[in-house]
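As structure tokens, the structure follows; a few thoughts come after it.
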Amino acid sequence: MKILDEIIHPGETKILNLEIARLHTATKLKIPVVVSKSKQEGPTVLLSAGLHGDELNGVDIVRQIIHKGINVPAKGTIICIPVINIFGFINKSREFPDGRDMNRIFPGSKSGSLAGRFAYHLIQYILPHVDYAIDFHAGGQSRFNAPQIRIAPNQSELKELAEIFSPPFLLYSSQIAGSFRNACAKLGIKMLLFEGGKSMDINAEVSTAGVEGAKRFLNHFGMLQKKFVTEKPSAPMIAISQSVWIRAKKSGLLHDQVKTGVFVEKGQTLAFISDPYGKENTAVKAPNSGYIINVNDSPIVYQGDAIFHLSKNIVHEQERVKS
356 MKILDEIIHP
366 GETKILNLEI
376 ARLHTATKLK
386 IPVVVSKSKQ
396 EGPTVLLSAG
406 LHGDELNGVD
416 IVRQIIHKGI
426 NVPAKGTIIC
436 IPVINIFGFI
446 NKSREFPDGR
456 DMNRIFPGSK
466 SGSLAGRFAY
476 HLIQYILPHV
486 DYAIDFHAGG
496 QSRFNAPQIR
506 IAPNQSELKE
516 LAEIFSPPFL
526 LYSSQIAGSF
536 RNACAKLGIK
546 MLLFEGGKSM
556 DINAEVSTAG
566 VEGAKRFLNH
576 FGMLQKKFVT
586 EKPSAPMIAI
596 SQSVWIRAKK
606 SGLLHDQVKT
616 GVFVEKGQTL
626 AFISDPYGKE
636 NTAVKAPNSG
646 YIINVNDSPI
656 VYQGDAIFHL
666 SKNIVHEQER
676 VKS
């Protein structure tokens, strides 16, 4: 296998460096790409994170996979890129220094913006080798996502792979133009998008869900070494086809009452929004029964801010986790 002008021989692990641009100080920036190829032929799986530079939980998941040696396959090839957006990672920022969201700019351009050039290099030099991919993300600032996989509707193979990964939740969401997931779909690469935790935070439970799901995924293809044991999830995956964002009707201090992952009933009080002077204390209630899949844990909200993500239509039910 030849990637980035480097030859990877069977049974070999190499750390390649994707160099695209330098810092404004003229310091070189290298994106490490860890490629491990088995002596036995098999599929190629890409495990990537850090497309948004402030989403550290995904970075930690891929880091753990490398640190534990899970990335050394029993067969096939595993490519790990723990941090794609190295500029955002350095700046603790979601975007590139040019202000662009790389996850909206694929397939990019060889002579375009900085983010576009990164996207172009991934498309040209990494993705042609890939059969399957898992891209690890986290929620936005102060918005904590329950561990979940997102796939497009009516994709039977992706649904099967999501069931193998077996996160607490599966969300059906359409492809977004310019996204990494959409670019992979156009190239025939089967990608699962993992969401869990929030930006600028590392949550141990989310990291464990990501690592264990990746192990189950690799084991399905016979790529996981026998020394690693796959753990069964504590509960069946819940598939959600529709969901709704509950937004703040007033500005003020947010006092959360429920956490991610729990089932709530229609009309149940989820939180209170109060003014800082002790005059008002407004309840936030569930518009329908469903699972809480995202919580805004910011102590201050403005009118219109999204504060809860609530499922509406549950495809596969499990024993409910009461709040």
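Take 356 as the starting number for the sequence shown in my numbering and just add one per residue. For each residue, glycine too, the CB sits at the ideal point set by N, CA and C. None of these values were measured; they are calculated from a predicted model.
Rounded Cβ spacing between residue i and residue j (contact assumed at less than 8 Å)
i	j	result
ILE386	ILE439	7 Å
GLY366	SER393	7 Å
LEU516	LYS545	6 Å
PRO523	ILE593	7 Å
GLY633	LEU665	GLY633 to LEU665, Cβ: 29 Å. No contact.
LEU469	PHE451	5 Å
LEU547	LEU579	The pair is not a contact, with the Cβ atoms about 16 Å apart (cut-off 8 Å).
Other residues of its chain near residue i: CB distance less than 6 Å, five sequence neighbours each side excluded
i	result
SER653	SER497
GLY408	ASN440, GLY443, PHE444, SER448
THR432	LYS392, THR399
ASN668	SER596, GLN597
LYS640	GLY622, THR624
LYS677	Low per-residue confidence applies at LYS677: pLDDT is 42, beneath 50, and the placement is therefore not dependable, though the value from the model is reported in the following sentence. Around LYS677: no qualifying Cβ.
ILE362	none
ASN500	GLY494, GLU550, GLY551, ASN649
Cβ neighbours of residue i in the same chain (closer than 7 Å, five flanking residues each side left out)
i	result
GLY471	ILE460, GLY463, SER464
ILE420	LEU402, ASN426, CYS435, VAL566, ALA569
SER562	ASN412, ASP415, ILE416, GLN419
GLN658	ALA603, LYS604, LYS605, SER606
GLY574	Correcting the residue type first, residue 574 is Asn in the shown sequence and not Gly. THR585.
ALA638	THR624, PHE627
Residue interval of the alpha helix (DSSP H) (run including residue i)
i	result
ILE595	No alpha helix (DSSP H) holds ILE595; the beta strand (DSSP E) holding it covers 593-602.
ASP415	411-422
ARG377	Segment 368-377 is the beta strand (DSSP E) holding ARG377; no alpha helix (DSSP H) there.
SER511	511-520
GLU396	Neither: GLU396 is in no alpha helix (DSSP H) and is coded neither H nor E.
LEU573	559-575
LYS706	Because residue 706 is not part of the residues shown, which for the chain are 356 to 678, the question remains open.
ILE441	441-446
Cβ-based burial, residue i [other Cβ within 10 Å; buried from 16]
i	result
ASP415	buried
ARG571	buried
GLN612	exposed
LYS553	buried
GLY405	buried
PRO631	exposed
Closest by C-alpha distance to residue i, when choosing among the options
i	options	result
VAL584	ALA594, ALA569, GLN597, MET592	ALA569
GLY577	LYS604, ILE519, ILE375	ILE519
GLY551	GLY454, HIS484, HIS610, LEU411	LEU411
ILE493	LEU469, MET555, ILE531	Note that residue 493 is Ala in the sequence shown here, rather than Ile. That would be MET555, whose Cα lies nearest to the Cα of ALA493.
LYS541	ALA559, PRO483, GLU567	PRO483
PRO428	ILE662, LEU401, GLU586	LEU401
SER529	ILE478, SER521, GLN510	GLN510
GLU635	ILE655, ALA661, LEU608, GLU620	LEU608
Below-8 Å beta-carbon distance, residue i vs any chain B residue
i	result
PHE520	The chain inventory of the structure shown lacks chain B, comprising one protein chain alone.
Start and end residues, beta strand (DSSP E) containing residue i
i	result
TYR475	TYR475 -> not in any beta strand (DSSP E); alpha helix (DSSP H) instead, spanning 469-476.
ASN651	645-651
ASN668	661-669
Cutoff 8 Å; reference residue i; Cβ partners in own chain excluding five residues on either side
i	result
ASN372	LEU359, LYS385, ILE386, PRO387, VAL388
ARG675	Legend: pLDDT at ARG675 = 41, less than 50; position of this residue unreliable, no value from coordinates given.
Proximity test, residue i beta-carbon vs the ligand NAP heavy atom, cut-off 7 Å
i	result
ALA564	Among the components of this structure there are no ligands whatsoever, and the ligand NAP is therefore not found.
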